[in-house]
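Report on one structure; see the data block that follows.
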Amino acid sequence: DAGVTQSPTHLIKTRGQQVTLRCSPISGHKSVSWYQQVLGQGPQFIFQYYEKEERGRGNFPDRFSARQFPNYSSELNVNALLLGDSALYLCASSWGQGKGEQYFGPGTRLTVT
Amino acid sequence: GQNIDQPTEMTATEGAIVQINCTYQTSGFNGLFWYQQHAGEAPTFLSYNVLDGLEEKGRFSSFLSRSKGYSYLLLKELQMKDSASYLCAVRDGILTGGGNKLTFGTGTQLKVEL
Numbered sequence: 011d012a013g014v015t016q017s018p019t020h021l022i023k024t025r026g027q028q029v030t031l032r033c034s035p036i037s038g039h040k041s042v043s044w045y046q047q048v049l050g051q052g053p054q055f056i057f058q059y060y061e062k063e064e065r066g067r068g069n070f071p072d073r074f075s076a077r078q079f080p081n082y083s084s085e086l087n088v089n090a091l092l093l094g095d096s097a098l099y100l101c102a103s104s105w106g107q108g109k110g111e112q113y114f115g116p117g118t119r120l121t122v123t
Numbered sequence: 018g019q020n021i022d023q024p025t026e027m028t029a030t031e032g033a034i035v036q037i038n039c040t041y042q043t044s045g046f047n048g049l050f051w052y053q054q055h056a057g058e059a060p061t062f063l064s065y066n067v068l069d070g071l072e073e074k075g076r077f078s079s080f081l082s083r084s085k086g087y088s089y090l091l092l093k094e095l096q097m098k099d100s101a102s103y104l105c106a107v108r109d110g111i112l113t114g115g116g117n118k119l120t121f122g123t124g125t126q127l128k129v130e131l
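In structure tokens:
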């Protein structure tokens with residue numbers, strides 16, 4: 011079975027621009043979570059979606075938004091990019107809400123110049 | 018909220034055993050996870066404990082004591098490829114608003130030497 015997939019792999023944007031990152035969970039998984047990881051730190055929780063509803067939100071500004079589609083894939087949008095948004099963006103997939111393992115995708119490396 | 022502590026760095030010898038500790042203080046708890054992360058790559062799932070005790074998976078074992086807020090990851094028969102960062106993460110309790118939210122420590126950088 012395919013694991014969690016994310017696109018694009020790498021992205022370079024300019025300050026003020028907008029970006030959309032995409033994630034497809036493992037087949038049969040209904041929950042997707044988004045994390046931001048900067049160098050030298052553990053991943054920081056941004057959003058979690060289960061059955062197409064937002065179930066959790068981390069301490070990130072309103073410039074960050076996300077949604078989950080009927081096929082359980084998800085998009086993360088970031089508006090008005092800042093240099094500090096440069097990071098590895100990770101998507102995690104799990105089958106249930108508050109249950110079972112969570113598996114990460116390969117991540118999207120975002121660089122803001 | 019959650020506070021998770023783990024050592025910043027550890028060094029061990031190829032073929033040896035190493036134990037990486039993790040302590041946590043939480044307002045809710047619904048499982049503890051260990052991930053391995055090589056430089057520039059995404060975290061890879063290693064283990065998941067929700068009940069007290071030891072979970073064994075090949076060369077890797079993870080232990081949890083919920084009353085002590087303590088876990089460890091045990092790596093046996095160390096190989097050079099085990100050099101990586103090891104992340105401890107706690108999942109919030111559903112009633113404390115988490116669902117599937119993981120809070121991570123900053124990671125333990127393990128260096129395996131000959």
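Here the protein sequences come in this chain order: A and B.
Residue numbers for the first sequence follow this note's numbering, so the first one is 11 and each next one is one higher.
Residue numbers for the second sequence follow this note's numbering, so the first one is 18 and each next one is one higher.
Even glycine gets a Cβ: it sits at the ideal position worked out from N, Cα and C.
Residues bridged to residue i [DSSP beta-bridge criterion]
i        : result
A/Trp105 : For A/Trp105, which the question treats as bridged, DSSP gives no partner whatsoever.
A/Gln20  : According to the sequence as given, residue 20 of chain A is His; it is not Gln. A/His20 is bridged to A/Arg119.
B/Arg83  : Beta-bridge pairing links B/Arg83 to no other residue.
B/Ser64  : B/Trp51
A/Thr30  : A/Asn87
A/Arg73  : Note: A/Arg73 sits in no beta bridge, so no partner.
A/Glu174 : Nothing can be reported for residue 174 of chain A: it is not among the residues displayed for chain A, which extend from 11 to 123.
B/Ala46  : According to the sequence shown, residue 46 of chain B is Phe rather than Ala. In the DSSP output, where bridge partners are listed per residue, B/Phe46 has none listed.
B/Val35  : B/Leu92
B/Asp22  : B/Thr40
B/Met27  : B/Leu127
A/Phe114 : A/Ala102
B/Gly70  : B/Leu81
A/Ser41  : A/Tyr60, A/Ser104
Closest by C-alpha distance to residue i, when choosing among the options
i        : options                             : result
B/Ser100 : B/Gln23, B/Asp69, B/Glu31, B/Asn47  : B/Glu31
A/Gln112 : A/His39, A/Phe79, A/Leu49, A/Thr121 : A/His39
B/Asp69  : B/His55, B/Pro60, B/Thr28, B/Tyr87  : B/Tyr87
B/Thr43  : B/Lys74, B/Arg76, B/Ser84           : B/Ser84
B/Ser72  : B/Leu49, B/Phe121, B/Pro24          : Reading off the sequence, residue 72 of chain B comes out as Glu, not Ser. For the residues B/Leu49, B/Phe121, B/Pro24, the minimum Cα distance to B/Glu72 belongs to B/Leu49.
B/Gly116 : B/Tyr65, B/Val107, B/Arg76          : B/Val107
A/Gly106 : A/Leu31, A/Thr15, A/Tyr60           : A/Tyr60
B/Thr120 : A/Pro53, A/Gly13, A/Ser75, A/Ser37  : A/Pro53
A/Arg65  : A/Trp44, A/Asp72, A/Gly110, A/Leu49 : A/Trp44
A/Tyr82  : A/Ser37, A/Gln27, A/Thr24, A/Leu31  : A/Ser37
A/Thr24  : A/Gly117, A/Phe57, A/Asn89          : A/Asn89
A/Lys62  : A/Gly94, A/Gly110, A/Ser41, A/Thr30 : A/Ser41
Cβ-Cβ distance between residue i and residue j below 7 Å
i        : j        : result
B/Gly110 : B/Phe46  : yes
B/Ile34  : B/Cys105 : no
A/Ala97  : A/Gln46  : yes
A/Pro35  : A/Ser103 : yes
B/Lys74  : A/Phe55  : no
A/Phe70  : B/Ala59  : no
A/Leu100 : A/Val122 : no
B/Tyr89  : B/Gln54  : no
A/Leu21  : A/Leu120 : yes
A/Thr118 : A/Gln16  : yes
B/Leu95  : B/Ala29  : yes
Contact set between residue i and chain C, taken where Cβ atoms lie within less than 9 Å
i        : result
B/Phe121 : Among the chains of the structure shown, chain C does not appear; the protein chains present are A and B.
Any non-hydrogen atom of the ligand COA closer than 6 Å to residue i Cβ
i       : result
B/Glu73 : What this structure holds is no ligand at all, so the ligand COA is not there to describe.
> Where in the stretch 102-128 of chain B do unbroken runs of the beta strand (DSSP E), each at least 3 residues long, occur, reported from the N-terminal end onward?
Replying inline: 119-121
> Closer than 8 Å, Cβ to any Cβ of chain A: which residues of the stretch 49-67 of chain B, in chain order?
Replying inline: Against chain A - using a Cβ distance shorter than 8 Å - the residues of the stretch 49-67 of chain B are Phe50, Tyr52, Glu58, Ala59, Pro60, Thr61, Phe62, Tyr65.
>> Please list, in chain order, the residues of the stretch 95-107 of chain A that have any C-beta partner in chain B closer than 7 Å.
In response: Against chain B - using a Cβ distance shorter than 7 Å - the residues of the stretch 95-107 of chain A are Leu100, Ser104, Gln107.
>> Beta carbons nearer than 9 Å to chain B: which residues of the stretch 107-123 of chain A have them?
In response: Considering only beta carbons, the part of the stretch 107-123 of chain A lying closer than 9 Å to chain B consists of Gln107, Gly108, Lys109, Gly110, Glu111, Gln112, Tyr113, Phe114, Gly115, Pro116, Gly117, Arg119, in chain order.
> Taking any Cβ of chain B, which residues in the stretch 45-73 of chain A have a Cβ under 7 Å from it, in chain order?
Replying inline: Gln51, Gly52, Pro53, Phe55, Gln58, Tyr60, Arg65, Gly66
>> Under 9 Å, CB to CB, which of the residues in the stretch 30-51 of chain B have a partner in chain A?
In response: Asn47, Gly48, Phe50
> If contact means a Cβ-Cβ distance below 7 Å, which residues of the stretch 26-42 of chain A contact chain B?
Replying inline: Ser41
>> Output needed in chain order: residues of the stretch 64-97 of chain B with a Cβ under 7 Å from some Cβ in chain A.
In response: Tyr65
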